[in-house]
Amino acid sequence: MAQNTHNEWLSPSGLEAEYEIKKSTQAKYRMEAKIPFCKIGKFIRYNRAEINAWIASHKRGVAL
């Protein structure tokens, strides 16, 4: 059975909508190599699992 991979990738607009990271901040982070992304031609895409891991790696404080 084929796996649906459509929801595994986010556009910059999708990342902004779901994670509230503004497109201008995304562009800055991409230029500074601070955020994982894929660029194919002119299209930028973010892998949801990589973004979740990236966010988790920036977690601060003590977990309850």
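Numbered according to the working numbering, the sequence shown spans residues 4 to 67. All C-beta atoms in this analysis are idealised placements derived from N, C-alpha and C, irrespective of residue type, glycine included. Since this is a predicted model, take the numbers as computed values, not measurements.
Beta-carbon proximity check, residue i vs residue j, cutoff 8 Å
i	j	result
ARG48	SER16	no
GLU11	ARG51	yes
ILE54	TYR22	yes
Residue i, buried or exposed, once every other Cβ within 10 Å from all chains shown has been counted against 16
i	result
ILE43	exposed
ARG63	exposed
HIS38	For clarity, residue 38 is Ile in the given sequence; the question names His instead. Counting Cβ neighbours within 10 Å, ILE38 comes out buried, since at least 16 surround it.
Residues bridged to residue i (per DSSP)
i	result
PHE46	ILE43
TRP57	Per DSSP, none; premise fails for TRP57.
LEU13	TYR49
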